[in-house]
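See below for the structure under consideration.
Residue numbers (this note's numbering): 523 to 912.
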């Protein structure tokens, strides 16, 4: 066989040495990286999330730590020499050809996947399919909102739930009802906890507060909203109401990660509106599977969330309404959730109410509150508003 096909003795030795060095370096990188994946690192780069719970990432981090240690040591100490000898025995021309074919296959596979995903997967992280009830439609400023004047049905926890919306897109008790902006109104902003996911109108938090206080409520919440989207909608809708009694909004550390998303219209730290950032769809999927957040991104999210909740309070006060931020908590509060609550709400002295819920008061197979959980939140809100209205 010619020397163009098979390397000479010295070349084979050199190839083996270089390969072993590369394999050992890869093993060392994996080993060092794994040593950093401890509970502290996971807590500071994977924020509490509603789906999946934060403990999933803690467990995944522990598994990654063990697997990384084993793989790094195996590459550096066991497989290094074997891989080196194998590569050295392969004819040089065939090795180059194989590497080229593999590289081309990877590039073509990634390119094809990206083209397919651009056609079939274009939603933001928290945006739901367009045909899922309650129906939503695109909104250039907010990302999406409920379809106004629509009534739909969805099965949640074995029950068929009716979602009816008036012409402004507010959830109402029955089809055809309309929130009257001329009447005294308690205005609710937020996401699916406030919408009443899986609950009838009468079981929802706004519905129960209305029954407890005898004051009309307006439910401006939209499934999947982050705090900046809730604030933007409130900013648009609040001027419609002649007599706003109170503005109630939601903050949950378990939903803080949504505030860091920029694949939808969002607000910056100075509450400046920014359009959605367009990324490769493969990158977007990878971020959903591994929602790592840098220190800078988390700090920016804390500053922005604090600013927009402060702006929500100021907006309510400017209309003579009582501002109230509700913080429901199902599971025992962990250190990272406590840190977020303290830095975002306590440090600026925002008016909030922490409502601890029984861990069993949620929908079957779902993390949203059931009628009991919604009742506990509604009772706490009604009591606070009654106290502040005296």
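Beta carbons: idealized from backbone N, C-alpha and C, even for Gly. Since this is a predicted model, take the numbers as computed values, not measurements.
Contact check, residue i vs residue j, beta carbons under 8 angstroms
i           : j           : result
residue 754 : residue 663 : yes
residue 847 : residue 814 : no
residue 899 : residue 727 : yes
residue 859 : residue 570 : yes
residue 675 : residue 654 : no
residue 888 : residue 679 : yes
residue 907 : residue 844 : yes
residue 876 : residue 894 : no
residue 896 : residue 782 : no
residue 590 : residue 553 : yes
residue 701 : residue 740 : yes
residue 737 : residue 708 : yes
residue 866 : residue 903 : no
residue 594 : residue 633 : no
residue 723 : residue 762 : no
residue 786 : residue 798 : yes
residue 804 : residue 831 : no
residue 636 : residue 802 : yes
From the options, residue whose alpha carbon lies closest to that of residue i
i           : options            : result
residue 710 : 697, 698, 749      : 749
residue 853 : 878, 830, 869      : 878
residue 498 : 713, 691, 718, 692 : Look at the range of the chain in this structure, 523 to 912, and you will see that residue 498 is not part of it.
residue 562 : 551, 553, 676, 580 : 580
residue 669 : 761, 880, 690, 679 : 690
residue 599 : 686, 869, 544, 881 : 544
residue 685 : 708, 707, 778, 714 : 714
residue 537 : 603, 796, 882, 697 : 603
residue 568 : 842, 666, 862      : 862
residue 751 : 788, 767, 769      : 788
residue 540 : 890, 606, 906, 894 : 606
residue 812 : 791, 578, 800, 865 : 578
residue 673 : 707, 778, 699, 774 : 699
residue 746 : 780, 693, 828, 557 : 780
residue 547 : 597, 587, 911      : 597
residue 535 : 611, 830, 778      : 611
residue 588 : 564, 557, 618      : 557
residue 731 : 770, 648, 826      : 770
residue 734 : 881, 665, 901      : 901
residue 687 : 800, 595, 667      : 667
residue 829 : 635, 792, 609      : 792
residue 969 : 756, 777, 834      : Since the first residue shown for the chain is 523 and the last is 912, residue 969 is missing from the structure and cannot be characterised.
residue 671 : 851, 613, 697      : 697
residue 838 : 766, 809, 608      : 766
residue 645 : 806, 559, 623, 869 : 806
Extent of the continuous alpha helix (DSSP H) to which residue i belongs
i           : result
residue 830 : 817-840
residue 902 : 893-911
residue 728 : 727-735
residue 708 : Not the alpha helix (DSSP H): residue 708 falls in the beta strand (DSSP E), residues 706-710.
residue 564 : 561-567
residue 857 : 857-863
residue 608 : 602-611
residue 804 : 803-811
residue 866 : Taken as a continuous stretch (DSSP letters only), residue 866 belongs to no alpha helix (DSSP H), as it is neither H nor E.
residue 717 : 714-717
Bounding residues of the beta strand (DSSP E) (the contiguous stretch that carries residue i)
i           : result
residue 913 : No statement about residue 913 is possible, as the shown extent of the chain runs from 523 to 912 and does not include it.
residue 878 : 874-878
Strand pairing of residue i, partner residues [DSSP]
i           : result
residue 676 : 683
residue 722 : Paired residue(s): none; residue 722 is not in a bridge.
residue 661 : 665
residue 884 : 891
residue 796 : 788
residue 694 : 686
Report the residue ranges of all beta strand (DSSP E) runs contained in full by the stretch 733-791; include only those spanning at least 3 residues, in chain order.
-> Those beta strand (DSSP E) runs which fall completely within the stretch 733-791 and span 3+ residues are 738-741, 765-772.
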